[in-house]
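>
Residue numbers (mature numbering (1 follows the signal peptide of the UniProt record, and there is no 0)): -19 to -1, 1 to 422.
Shown next as structure tokens:
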């Protein structure tokens, strides 16, 4: 079953090429890798996540060091927001980590700045073994025809939901493999708010989230976030509708006030309003289900699809993350060895299992099936079902991280009552267009 997921899912995540990767495709990287046999090689590994993920990845680093005694792994874990803020500064300063996590939301941005190394030489010399990975999976790591990213796994967006809470207050909701509309979502939220006397929010606030949320709404409206040429494709009216909808939900007390949402975005998983039972839903990648279930053993946590348009229009997309190497790294080969370890070492895969979604090594993915938790099994079923309605999308252009910051800023401005949705939509669109034009020069 996992192989079926990999083959079908990752075909959908075809990254339209907007830029080129860094590094000379034909360069000899061996002189940059140092001599691990001397025991003095240290590589930096950077990733985003929560406390539980940090524990898992530290265990993987420990296991890698155990099997490669000449290499020391310096770990740089961060939360999602802090990770991208820090990485942009590191790349600009020529001090990027040797091995770093990359997301499709930002891959064009970093590839276009020459911040991602061409990994093909390490595939050719056998340092990174991709023989047990579907070609469609590998193709998601190409930018402008250059293989500069190795997929971590495959996942999809979801609404992680406290089934126990919804059942307790008599709220109806669809099955994991069924759709519901935004009107149905809002109606359920109103009923939940009334049933709980407003003491528990129905959902977190998407309007103060990432560009992917606007992308999802734009697709429902028959638009896209970006064009293949790297321009803004969403309309002001579409963004205004999005911000207005969430303002109404906020004003009705169905979602949190702006101050609470702003704080929630900075909290560790175990401290978030969802985890502490202060809201019933939270939009996160499906592969995070087990993390929340572990934190909430007394509640049943499930996955639901994101709402579709009231006319039945679908905006579902496939999410995914990758590993990349910095062209500035002095130890590129050792970093490539760590990527290979993540991909092909049974001990490593048995540690992270479904943390990023379905592992890309077909053989090892099949081996972990019997050991999966109930949460991971639910995740596989959910992802497989969502693949039937999800589709590919145009990736963000150079400047994506700047645009993402503006999306958050203007969403918060509306939340705090500093701007109307219409003014925020106008100014955000203008700012986003300014960013894309600037980065074309």
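Every residue, glycine too, gets a C-beta built ideally from N, C-alpha and C.
Suppose only complete runs of 4+ residues qualify. What are the alpha helix (DSSP H) ranges in the segment 311 to 384, listed by chain order?
Runs found: 313 to 325, 327 to 333, 343 to 348, 355 to 367.
> Is the beta carbon of residue 341 sitting closer than 8 Å to the one on residue 324?
The answer is yes: Cβ separation under 8 Å.
> Which class does residue 124 belong to by DSSP, given the choice of helix, strand or coil?
Residue state, collapsed to three classes: strand.
> How would you call residue 60, buried or exposed, if buried means at least 16 neighbouring beta carbons within 10 angstroms?
Answer is buried; the Cβ neighbour count reaches 16.
> Does the Cβ-Cβ distance between residue 71 and residue 77 come in under 8 Å?
Contact flag set, yes.
> What first and last residue would you give for the alpha helix (DSSP H) that runs through residue 230?
Its alpha helix (DSSP H) spans residues 217 to 232.
> When DSSP labels each residue in this structure, what does residue 420 get in the three-state scheme?
Of the three classes helix, strand and coil, the one that applies to residue 420 here is helix, per DSSP.
> Can you name, in chain order, every residue of its own chain whose Cβ lies under 6 Å from the Cβ of residue 420, other than the five neighbours on each side?
The residues are 379, 380.
> Which value, in whole angstroms, describes the spacing of the CA atoms of residue 406 and residue 281?
Computed Cα separation, rounded: 38 Å.
> At what residue ranges does the segment 40 to 105 contain a whole run of the beta strand (DSSP E), taking only runs of 3 or more?
Listed in chain order, the complete beta strand (DSSP E) runs (minimum 3 residues) inside the segment 40 to 105 are 52 to 59, 80 to 84.
> Check whether the segment 126 to 134 touches the segment 296 to 306, counting contact only when three or more Cβ pairs, one atom from each stretch, lie closer than 8 Å.
Yes: at least three Cβ pairs fall under 8 Å.
> Measuring straight from C-alpha to C-alpha, what distance separates residue 11 and residue 335?
Annotation note: pLDDT 45 at residue 11 (below 50); position unreliable, no value reported.
> Here's the rule: buried if 16 or more other CB atoms are within 10 angstroms of the residue's CB, otherwise exposed. What is residue 274?
That one is buried.
> Nearest by alpha-carbon distance to residue 190: which of 62, 375, 147 is it?
Of the listed residues, the one whose Cα sits closest to residue 190 is 62.
> The alpha helix (DSSP H) spanning residue 304 covers which residue range?
Looking at the DSSP string, residue 304 is not in any alpha helix (DSSP H); the run it does join, the beta strand (DSSP E), is 299 to 306.
> Which residues in the same chain have their Cβ closer than 7 Å to the Cβ of residue 14, if we skip the five residues on either side of it in sequence?
Note that residue 14 has pLDDT 49, beneath the 50 cutoff, so the model's placement of it is unreliable and the number below is only indicative. The answer, listed in chain order, is 312, 313, 314, 315.
> Quick check on the burial criterion: 16 or more other C-beta atoms within 10 angstroms. Buried or exposed for residue 5?
In this predicted model, residue 5 has a pLDDT of only 48, less than 50, meaning its place in the structure is not dependable enough to derive any value.
> Report yes if the C-beta distance between residue 391 and residue 408 is below 8 Å; otherwise report no.
The answer is yes: Cβ separation under 8 Å.
> Verify whether the separation of the beta carbon atoms of residue 82 and residue 27 is less than 8 Å.
Cβ atoms of residue 82 and residue 27: closer than 8 Å.
> Below 8 Å on the Cβ atoms is my guess for residue 241 versus residue 250; work out the distance and round it to an integer in Å.
Not confirmed; about 16 Å, so no contact.
> Just list the residues that DSSP pairs residue 129 with in beta bridges.
According to DSSP, residue 129 bridges with nothing at all.
> If I'm right that residue 169 touches residue 153 with Cβ under 8 Å, what's the distance once you round it to whole angstroms?
That belief holds up - the Cβ atoms of residue 169 and residue 153 are roughly 7 Å apart, short of 8 Å.
> Tell me the DSSP secondary structure of residue 138 in three-state form.
In this structure, residue 138 counts as strand in the three-state DSSP scheme.
> Is the distance from the Cβ of residue 166 to the Cβ of residue 236 below 8 Å?
Contact: no.
> Can you tell me which residues form a DSSP beta bridge with residue 263?
BP columns for residue 263 point to 141.
> Mapping DSSP to helix, strand and coil, what is residue 248?
Coil at residue 248, not helix or strand.
> Cα-Cα, which of 229, 201, 329 is closest to residue 294?
The residue with the shortest Cα to Cα distance from residue 294 is 201.
> Among the residues of its own chain, which have a CB less than 8 Å from the CB of residue 279, if the five just before and after it don't count?
Cβ neighbours of residue 279 beyond the five flanking positions: 145.
> Within 10 angstroms of its Cβ, does residue 118 collect 16 or more other Cβ (buried), or is it exposed?
Answer is buried; the Cβ neighbour count reaches 16.
> Who are residue 207's beta bridge partners in DSSP?
Answer by DSSP bridge pairing, in chain order: 213.
> Counting C-beta neighbours from all protein chains within 10 Å, is the total for residue 292 16 or more, i.e. buried, or is it exposed?
Exposed is the call here.
> Inspect the beta-carbon positions of residue 58 and residue 35 and report whether they are closer than 8 Å.
Closer than 8 Å, so yes.
> So is residue 268 buried or exposed if we call it buried at 16+ other beta carbons inside 10 Å?
So residue 268 counts as buried.
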